[in-house]
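Report on the following structure.
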Amino acid sequence: MKHFSFLQTKTFKLQAFASALVLAGGLAVVAHGSVDPVHIHLRLADANEGPARLTMAPAANAAMPSVVKISMSKVVKTPAGFSGQGDPNDLFQQFFGGRNGGGRNFQAPPSSHREAGVGSGVVISPDGYILTNNHVVDGATEVSVTLPDRREFKAKVIGTDPKTDVAMIKIEADHLPAITVGDSSKLQIGDQVLAIGNPYGVGQTVTMGIVSATRRTGLGIEDYEDFIQTDASINPGNSGGALVNDRGELVGINTAILSGDSGGNQGIGFAVPVNLARQVMDQIATHGQVTRAYLGVTIQEVTPAIAKAMGLDGPKGALVSDVTANSPAQHAGLESGDVILSMNGKPILESNELRMAISMMGTNQPVKLQVFRNGTTLNLNAETAEMPGKPVERASNDGGSSMNTPLEGVSVESLNSEMAERAGVAPGTSGVVVTKVDPASAAASSGLREGDVIQEVNHSKVANSNDFASALRKSKGDSLLLINRKGNKLYLAV
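For the sequence shown, counting from 1, position 192 maps to 212 in the numbering used here; every step adds exactly one.
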C-alpha cells in the first residue's frame with residue numbers, strides 16, 4: 021500500500037476507451053475513441069491532517085455532556101367495569117355471554133399497572149437543575165436521570181407548566197457540566213442546529229439540520245405556541261433534549277414531531293424557544309408555579325377578508341372578538357371589534373404575538389395599546405392582571421370569500437330561551453340563530469355554521485330577525501358578522 025505526503029504529486033496511467041469520462045487538470049472531458057495513456061496529477065491530503073474545517077463537532081462536544089437521559093414510571097389505574105353487557109368486540113362475551121356465565125353482569129375489580137417512559141433533559145445549572153418537557157415527567161411517581169458518564173440519580177420534579185410543555189427537575193449532584201444558554205430570538209431561518217437527545221432509548225445521539233421556520237403557532241400542540249421548526253432528525257425519546265446552535269449554545273427544548281404512519285421523524289420537528297423556557301423556569305424557581313398575566317380579551321386572526329371588510333390596509337394585528345366584564349381590557353376601554361395594532365410600541369403582526377407577550381408579562385404591568393376602531397386609530401392604556409383560574413380561550417380563525425349577496429343561502433330565526441339552550445349560549449343572549457346554511461354558499465365557505473348566533477352585522481347590533489334583515493339591506497357587498505358559537509364570540513367576514 022502506497023503512502024503519500026501532503027501535496028505530494030503522484031502520476032497514474034489510465035487507458036481511455038470510447039465514451040469514457042477522463043479527469044484532466046480538474047475538468048471532466050469525454051474522450052471518444054482510443055487515445056494515448058493520460059497522466060493524472062492528484063493533490064493528496066496529508067494523512068495526519070486534522071478534522072474537516074466545516075464541522076459541527078465543536079458545537080456537539082460543547083453541548084453533549086449537558087444532555088441527559090430521563091426515565092420515568094407511573095402507576096396507571098384501570099377502573100372497575102362490567103363485562104356481561106360491555107364491549108361487543110369482546111370475543112369472550114360473544115361466545116359465552118357474561119363472564120359469570122348465563123349472560124349475567126360481572127363487575128371486574130379495579131386494577132393497576134406500571135407504565136415506563138424515556139426522554140431527555142438538559143442540565144442548566146451545575147447544582148443539578150435540569151430542563152425538560154412536561155410530558156416527559158407528567159404524572160410520574162418515579163423519575164431518574166442518567167448522565168452521559170453513566171451515573172444515575174433519583175430526580176425531584178420542581179415544577180411544570182403544561183401550557184408550554186416545560187418542566188424543571190433536580191438531582192442531588194454538584195459540579196455538573198451546565199450548558200451555555202443562548203438567545204433564541206437571534207435564530208434565523210437557515211441557521212444550522214443540532215438536536216441532541218436519546219431517541220428510542222438507544223443512547224445519546226446527535227443529528228444536524230437547519231432552522232426551517234420560527235414562531236410556528238396554531239399547531240394545537242400546546243396552549244401557548246411559539247415553536248422553532250427544524251429538519252434536524254427528532255424521534256421519540258428526543259423530547260426534552262437540546263436544540264443547539266453552531267456554537268453549542270442551547271436555543272430550544274425539543275418537544276414534538278410531525279410524524280407519519282411510522283411515528284418517526286419526517287423532517288418536521290418543533291422546539292420550545294429557550295427564551296420562553298427561561299421565563300417559565302424563572303417563575304417555577306421563584307414561585308413554584310407559572311403565574312400569567314392577562315387583559316381579558318378573546319382574540320382572533322385578521323384575515324384578508326376581515327381586513328377588507330373593516331377597512332384595514334392589510335391583514336395585521338389582533339382582532340378583539342369579546343371583552344371580559346370587569347377585566348383590564350374593559351377598564352382600558354377596549355371594545356369588541358377593535359383591532360390591536362401594537363403593544364408597548366411593538367407592532368402586532370398576528371394575534372399569537374399579543375397572546376404570548378401578555379401571558380409572559382408580570383401582573384400589574386402597564387400596557388400601551390394602539391387600536392384601530394371604525395377607521396380611526398386610538399391609543400389606550402391598560403394594566404395587566406393575574407390570569408384567573410379559567411383562561412380566556414383564543415377564538416378560532418375562520419376566513420372567507422365575498423360575493424354580491426354574501427348571506428344568500430342562510431336562514432335565521434329570532435333567538436328565544438329554548439333556542440339559546442340548544443345553541444349553547446347564555447340565557448338572555450340577543451341575536452338570531454342560524455337554522456340553515458347552504459353548503460355551496462359564501463357563508464358556508466367563510467365558516468358560518470348551523471347553530472351559530474349572529475349578534476352583529478357590520479357593527480350593527482342584531483336583536484331579532486327584523487334587525488338582521490335591516491342590517492343586510494344596509495350592507496354593501498361584504499358583511500362582517502359577530503357570532504356567538506357555544507358561548508365563544510368571533511368575527512366572520514362573508
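All residues carry an ideal CB built from backbone N, CA and C; glycine is no exception.
In this structure Lys-183 is not in contact with Gly-148, their Cβ atoms being roughly 25 Å apart against a cut-off of 8 Å. A straight line joining the alpha-carbon of Gly-202 with that of Ala-79 spans about 12 Å. Listed in chain order, the beta strand (DSSP E) elements of length 3 or more contained wholly in the segment 275–316 are 289–293. Of the candidates Leu-239, Lys-89, Ile-90 and Ala-513, Ala-513 places its Cα closest to the Cα of Ala-325. Using a Cβ distance threshold of 8 Å, Met-92 and Val-143 do not count as a contacting pair.
The shortest C-alpha to C-alpha distance from Gly-229 to any of Val-271, Gly-221, Leu-214 and Gln-390 is the one to Leu-214. For a cut-off of 8 Å, the C-beta gap from Gly-289 to Asn-153 is around 13 Å, too long to register as a contact.
Looking at the DSSP output, Glu-476 sits in a beta bridge with Lys-481 and Leu-502. Straight through space, the alpha carbons of Gly-357 and Gly-507 are spaced by roughly 17 Å. Under DSSP, Pro-386 takes part in a beta bridge, and its partners are Glu-403. Across the structure, Ser-437 and Ser-490 are spaced so that their CA atoms are roughly 23 Å apart. With contacts defined by Cβ atoms closer than 8 Å, Asn-504 and Val-445 form a contacting pair. If the five residues before and after Ala-463 are omitted, its C-beta is found closer than 6 Å to the C-beta atoms of Leu-427, Val-430, Val-457 and Val-514, all from its own chain and listed in chain order.
By the Cβ neighbour-count rule, Ser-379 is buried, with 16 or more other Cβ atoms within 10 Å of its own. By the neighbour-count criterion, in which a residue is buried when 16 or more other Cβ atoms sit within 10 angstroms of its Cβ, Ser-205 is exposed. In the DSSP assignment, Gln-249 falls within the beta strand (DSSP E) that extends over 247–250. Taking C-alpha positions only, Glu-470 is separated from Asp-211 by approximately 47 Å. The beta strand (DSSP E) runs of length 3 or more contained entirely in the segment 169–240 are, from start to end of the chain, 172–181, 186–191, 212–217 and 225–236. Nearest to Ser-371 by alpha-carbon distance, out of Ile-150, Arg-236, Ala-175 and Asn-218, is Arg-236. Boundaries of the beta strand (DSSP E) around Val-264: 262–264. Annotation: Val-322 is outside any beta strand (DSSP E) and is labelled neither H nor E by DSSP. In the three-state reduction of the DSSP assignment, Ser-93 falls in the strand class, which pools E and B.
Inter-residue distance for Arg-267 and Gly-141 is about 19 Å (C-alpha atoms, whole angstroms). Rounded to the nearest angstrom, the Cβ distance from Val-340 to Leu-361 is 11 Å, too far for a contact under 8 Å. In the structure shown, the three-state DSSP call for Asn-81 is helix.
Gly-217 places its beta carbon 8 Å or farther from that of Val-310.
Beta-bridge pairing by DSSP links Val-454 to Val-432.
Just measuring C-alpha positions, the residue of Ser-450, Met-76, Asn-384 and Val-58 sitting nearest Arg-312 is Asn-384. Counting only residues of its own chain and dropping the five nearest sequence neighbours on each side, Met-407 has a CB closer than 7 Å to the CB of Arg-312, Ala-313 and Tyr-314. Under the DSSP assignment, Ile-360 falls in the beta strand (DSSP E) whose first and last residues are 359–363. In this structure, DSSP gives Ser-356 a state outside helix and strand, which the three-state scheme calls coil. Between the alpha carbons of Leu-62 and Asp-251 lies a gap of roughly 37 Å. The C-alpha of Ala-440 is placed about 7 Å away from the C-alpha of Thr-449. Bounds of the alpha helix (DSSP H) holding Val-156 are 154–157.
If the five residues before and after Gln-299 are omitted, its C-beta is found closer than 7 Å to the C-beta atoms of Met-380, all from its own chain and listed in chain order.
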